[in-house]
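Report on the structure given below.
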Amino acid sequence: MIGIYSNKKTCLLKRLGLAIVTTLIITFGGVAIAAEVIEEVVVTAQKRAQNIQDVPLSISAETGEELRDQGISSILDLSSAVPFVNVSRNIGVPNIYIRGIGSSFLGVGGDGSISLHLDGVYMSRPRAQIAGFYDVNRIEVLRGPQGTLYGRNATGGNINVITNKPTDEPSGYAVISAGNYGRLDLEAAVGGPLGENSNGRLSILTIERNGYGQNIHLGTDIDDQSEQGIRGQLDFMPTERLSVLLSVDRYEADDAAFGWHISGQATARPLTAVALGATGLPSNLRDIDSLVPTAREIEITGGSLTLSYDLRDDLQFKSITGQRDSLSSVQTDVSSGIPPSVLIAKPLVPISQHEESEWFSQEFQLVWTRDKLNALFGLYYFDEDLFGNVHIPTNALTLLGASGLGMIPVPFPSDSLFSQFGTVDTEAKAVFTNLEYGLNERLTAILGLRYSDETRSREGTFTAPSPFANTLIPSTGKKSWDDFTPKLTLDYVLNESSHIYGSIGQGFKSGVFIAGSANPAVEPETVTSFEVGVKSRMNEGRVFANAAVFYNDYDDLQLNRIVGTAVVLENATDARIYGFELELDAYLSDSTFANLEVAYTKSEFREYVIADPARPQLGPLSLTGNVLPQAPEWTLHAAIEKRFNIESGNEISARLDWSWRDEVFFDPFNQPNNYQGAYSIFGAQVGFTPSSKENFNVKAWVRNWTDETVFTSGAVSSDFLGYPQLTSLNNPRVYGVSFEFRR
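Residue numbers (numbering that gives the first Met the number 0): 0 to 742.
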């Protein structure tokens, strides 16, 4: 379904989803005959190793093998593996949402609301979050505000990406994948001992694929993919008490991925109306007809140094140092080939954005474990120097004509432009603690405290277009913010296989300066969260059942929207989000595994009054009660995997995945012209492992087999072009085969 506003179909899909849910729940109830047990994942969500079922918060984890089985090679694909996460793509930027909270801001200097840590190091720039997603041991998705342990910009949640570490035995693997659209991927790693008390590991990734669409005018591919990554790790122990892990990596992308497409007209204009198939516009939504080449170039180099020292048996000191440089340049055409009209002689609106960032982080931890007490004390420091610009030439636009007034077009001078150019420097400091104490054999109390202090400054210029001369406006400023974010959790053991927990906490997202913007600083976003959950192991470890209900109250929510040619970030007063989540994993038999995940999320603005640039004649509008952008009410995911042992011990496996997401809006105005209707995505996989070579398998797969075209993000663009709707698209149907060799 492509942006169709159909309540009837949505209801039918909900009923279908609920029917499947009910069937699976009934099925899960009869698994007592299974002898296979679910492998329990060890996570570090609370900055210490714990069984995932013992952690008193909402968390999902996927192993590297599970990610490869589902074809997840980027953070952009994470939605299909973790249904509680919604990842849209916006000019190459991963916009991550959890429980209806995230950010799709495109300006230089904006931060997300979901923090991402690679091996314990915060990845500051959204585009840098794409790097590092290979040779993964596991990912951990922490849902809800994580203001105490993770601090910066985690008001919606946090994602931990943990890579495979060097081993003291030779090990490695290689996965080669080939598919339609000329796809050829390689992910490989090799490691083992290098000498006495030292081990190493080298990992590589390369992805090459032709485009999902064409620029008809230039005859070139768009939405293609060309990425390479390499990581080297060295792990050594100078003494019995001291361990050192050094990791260095490099990532590059050079392609025409993730450009904008035009899906239609957001506001009816008889003289500038745009519709797919109209003169000059391609009928295939994945194609564009533009004079501007879509381009994406990213270079990211970084590393981390982790030191762990056992001061004594119950006291450990840990240091995590991170350093990273990132450079990214993207270009796309806002007009995407809108045909000429009476008012627009030659639409050509290339947007180019360039961003350079260098950041350093340092975290010190002191972990003390005694009897009933687990205590963590920490210090955190972060420093970033960011430079960037956004450039939109307007020489091809008309001033009054394009505004729809029907007057004689007034051309801009050839050098006229809309531009934001400047630097943003950030310094952040924090002190935190997390104290876990067993009050008795069943009840544990966890108290988390964090104090954060951030200072940001900017210098630059904003260039406003004019039919007479460009106007340069200075963009300078400096501001500091601080906040205290506590969290209290009570965890009660019901029996040896189940526990229930409740928590109340707060989160903090720093204020923002946008590089080269003439607007004042955006104030911090804060949240108070409440959660109650239960986690259970049933049928002797063959069934895991987890559930949680939550309520989040946001103040000064940071929200972006398009005004004219500018993307504006602002505080959207207050909002609240509440709902529940259910996770079920079960072995239905020794050879059949199934899982089901269901989420209900209700979001709404409170006291939000703003004008819609696409409907200026209506004046200020009350958006109170409107749902938040990218916040589906219902989300469902189900999967089943079956293994068959055939002659001579050979094994065949089959897996089927289904996910369903409710309708979403892409802006706070909740209009059907900037919207994605409810949709389903199916995937399937068949694998073969010969008995003679257990370290080898081959898998044939198809993803999005019904070839659903889905808008992952959208925006209503400038009055200059008659308010066309700009969209980013999901991947079409892809299929192929993968060969895996493992040692």
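Cβ coordinates follow ideal geometry from the N, Cα and C atoms, glycine included.
Quiz item: In the DSSP assignment, what are the bridge partners of Y308?
Solution: Indexing the sequence shown from 1 puts residue 308 at position 309. According to DSSP, Y308 bridges with L241 and F316.
Quiz item: For V567 versus S602, is the C-beta spacing smaller than 9 Å?
Solution: For the purposes of this step, residue 567 is identified with residue 568 of the sequence shown, where counting begins at 1. For the purposes of this step, residue 602 is identified with residue 603 of the sequence shown, where counting begins at 1. The Cβ atoms of V567 and S602 lie no closer than 9 Å to each other.
Quiz item: Roughly how many whole angstroms lie between the Cα atoms of A653 and A80?
Solution: Taking the sequence shown and counting its residues from 1, the one referred to as residue 653 is at position 654. Taking the sequence shown and counting its residues from 1, the one referred to as residue 80 is at position 81. In this structure, the CA atom of A653 is about 17 Å from the CA atom of A80.
Quiz item: Apart from the five residues just before and just after P485, which ones in its own chain have a Cβ nearer than 8 Å to its Cβ?
Solution: Translated into the one-based positions of the sequence shown, residue 485 becomes position 486. Cβ neighbours of P485 within its own chain (closer than 8 Å, five residues either side excluded): T147, L446, G447, L448, R449, G504 and Q505.
Quiz item: V273 to D288, Cα distance in whole Å?
Solution: Looking up residue 273 in the sequence shown gives position 274. Looking up residue 288 in the sequence shown gives position 289. Because V273 carries a pLDDT of 44, less than 50, the predicted location of this residue cannot be relied on, and the following value inherits that uncertainty. Roughly 13 Å separates the two Cα atoms.
Exercise. For N136, collect the residues of the same chain with a Cβ closer than 8 Å to its Cβ; drop the 5 residues on either side in sequence, then sort them by chain order.
Key: Position 137 of the sequence shown holds residue 136. Result list for N136: T62, G63, I161, T162, N163 and K164, in chain order.
Practice problem: Check each candidate in F665, F483, Q352 and T454 and name the one with the smallest Cα separation from E383. | Solution: Taking the first residue of the sequence shown as 1, we reach residue 383 at position 384. When each option's Cα is compared against that of E383, the closest is T454.
Quiz prompt | Extent of the continuous beta strand (DSSP E) run through D573 | solution = As a first step, residue 573 is located in the sequence shown; it is residue number 574 there, counting from the start. Element bounds for D573: D573 to S588.
Quiz item: Do A427 and S509 have their C-beta atoms closer together than 9 Å?
Solution: The residue labelled residue 427 in the question sits at position 428 within the sequence shown. The residue labelled residue 509 in the question sits at position 510 within the sequence shown. Yes, the Cβ-Cβ distance between A427 and S509 is below 9 Å.
Quiz item: Exposed or buried, what is F738 when buried is set at 16 or more other beta-carbons lying within 10 Å of its beta-carbon?
Solution: As a first step, residue 738 must be located in the sequence shown, where it is residue number 739. Burial call: exposed.
Quiz item: So E650 is in the beta strand (DSSP E); what residue range does that whole segment cover?
Solution: Here residue 650 refers to the residue found at position 651 of the sequence shown. Start and end: E650 to R660.
Quiz prompt | Contacting residues, own chain, Cβ-Cβ under 6 Å from I97 (five flanking each side not counted) | solution = Walking along the sequence shown from the start, residue 97 turns up at place 98. For I97, where only same-chain residues beyond five positions count, the Cβ hits under 6 Å are V84, I113, R142, G155 and G156.
Quiz item: Does the segment 124-134 touch the segment 526-533, meaning 3 or more C-beta pairs lie closer than 8 Å?
Solution: no
Self-check item: Where the alpha helix (DSSP H) containing R67 begins and where it ends
Solution: Indexing the sequence shown from 1 puts residue 67 at position 68. Element bounds for R67: G63 to D68.
Self-check item: Delimiting residues of the beta strand (DSSP E) encompassing D234
Solution: Within the sequence shown, the letter at position 235 stands for residue 234. D234 -> beta strand (DSSP E) spans Q224 to F235.
Quiz item: Do you know how far the Cα of Y133 is from the Cα of Q224?
Solution: Position 225 of the sequence shown, counted from the start, is the residue given in the question as residue 224. Position 134 of the sequence shown, counted from the start, is the residue given in the question as residue 133. One C-alpha to the other measures close to 16 Å.
Quiz item: DSSP on I100, reduced to helix/strand/coil?
Solution: The residue labelled residue 100 in the question sits at position 101 within the sequence shown. DSSP places I100 in strand when its eight states are reduced to three.
Practice problem: Determine the direct distance from the alpha carbon of T600 to that of E298, and round the result to whole angstroms. | Solution: Taking the sequence shown and counting its residues from 1, one reaches residue 298 at position 299. Taking the sequence shown and counting its residues from 1, one reaches residue 600 at position 601. Using only the alpha carbons, I get a separation of about 37 Å.
Practice problem: May I ask you to report which of helix, strand or coil DSSP gives P55? | Solution: Working through the sequence shown from its first residue, we reach residue 55 at position 56. Reduced to three states, the DSSP call for P55 is coil.
Practice problem: Report yes if the CB atom of A256 is closer than 9 Å to the CB atom of D309, and no otherwise. | Solution: Against the sequence shown, residue 256 aligns to sequence position 257. Against the sequence shown, residue 309 aligns to sequence position 310. Cβ distance not < 9 Å, so A256 and D309 don't count as in contact.
Quiz item: Three-state secondary structure (DSSP) at Q128?
Solution: The residue given as residue 128 occupies position 129 in the sequence shown. Three-state result, Q128: helix.
Quiz item: For I95, which of helix, strand or coil comes out of DSSP?
Solution: Working through the sequence shown from its first residue, we reach residue 95 at position 96. Correct three-state label for I95: strand.
Quiz item: Among S102, R642, L245 and L217, which has the Cα closest to the Cα of T293?
Solution: For the purposes of this step, residue 293 is taken as residue 294 along the sequence shown, with counting starting at 1. When only C-alpha atoms are compared, the closest one is L217.
Quiz item: Thinking C-alpha only, which one of A571, Q629 and L581 is nearest A546?
Solution: Counting from one through the sequence shown, the residue named residue 546 turns up at place 547. With distances taken between Cα atoms, A546 lies closest to L581.
Quiz item: Around the Cβ of D780, are there at least 16 other Cβ atoms within 10 angstroms (buried) or fewer (exposed)?
Solution: Limits of the chain in this structure are 0 at one end and 742 at the other, which puts residue 780 out of reach.
Quiz item: DSSP state of P269, grouped into three classes?
Solution: Walking along the sequence shown from the start, residue 269 turns up at place 270. Annotation note: pLDDT 37 at P269 (below 50); position unreliable, coordinate value reported separately. Coil at P269, not helix or strand.
Quiz item: Can the beta-carbon of Y250 be found less than 9 Å from the beta-carbon of G131?
Solution: The sequence position of residue 250 within the sequence shown is 251, counting from 1. The sequence position of residue 131 within the sequence shown is 132, counting from 1. Contact flag set, yes.
Self-check item: When E539, Q629, D666 and G624 are compared against R560, the one with the closest alpha-carbon
Solution: Start at 1 with the first residue of the sequence shown, and residue 560 comes out as number 561. The residue among E539, Q629, D666 and G624 with its C-alpha nearest the C-alpha of R560 is D666.
Quiz item: From this set, G387, R311, F386 and F417, which residue's C-alpha is nearest T368's C-alpha?
Solution: The count along the sequence shown starts at 1 and reaches residue 368 at position 369. Looking at the Cα atoms, R311 is the closest of the given residues.
Self-check item: Same chain, Cβ closer than 7 Å to D611, five either side skipped, listed in chain order
Solution: Here residue 611 corresponds to residue number 612 of the sequence shown, with the count starting at 1. Excluding residues up to 5 positions away in sequence, L617, L620 and F668 lie with their Cβ nearer than 7 Å to the Cβ of D611 in the same chain.
Self-check item: Rounded C-alpha distance that separates V542 from E35
Solution: Residue numbering aside, residue 542 sits at position 543 when the sequence shown is read from its first letter. Residue numbering aside, residue 35 sits at position 36 when the sequence shown is read from its first letter. Between V542 and E35, the C-alpha separation is close to 10 Å.
Quiz item: Is it buried or exposed for I472, if we count other Cβ within 10 angstroms and need 16 for buried?
Solution: In the sequence shown, residue 472 corresponds to position 473, counting from 1. Answer is exposed; the Cβ neighbour count stays below 16.
Quiz item: If you compare alpha carbons, which of L595, L622 and D253 is closest to D573?
Solution: In the sequence shown, counting from the first residue as 1, residue 573 sits at position 574. Answer by Cα proximity: L622.
Quiz item: Buried or exposed: where does T726 fall if 16 or more other Cβ atoms within 10 Å of its Cβ makes it buried?
Solution: Taking the first residue of the sequence shown as 1, we reach residue 726 at position 727. Its Cβ being crowded by 16 or more others within 10 Å, T726 is buried.
Exercise. Express the C-alpha separation of V366 and G501 in angstroms, rounding to a whole number.
Key: If you number the sequence shown from 1, residue 501 lands on position 502. If you number the sequence shown from 1, residue 366 lands on position 367. In this model, G501 and V366 are separated by some 24 Å (Cα to Cα).
Quiz prompt | Collapsed DSSP secondary structure at Q616 in the structure displayed | solution = Counted from its first residue, the sequence shown places residue 616 at position 617. Helix.
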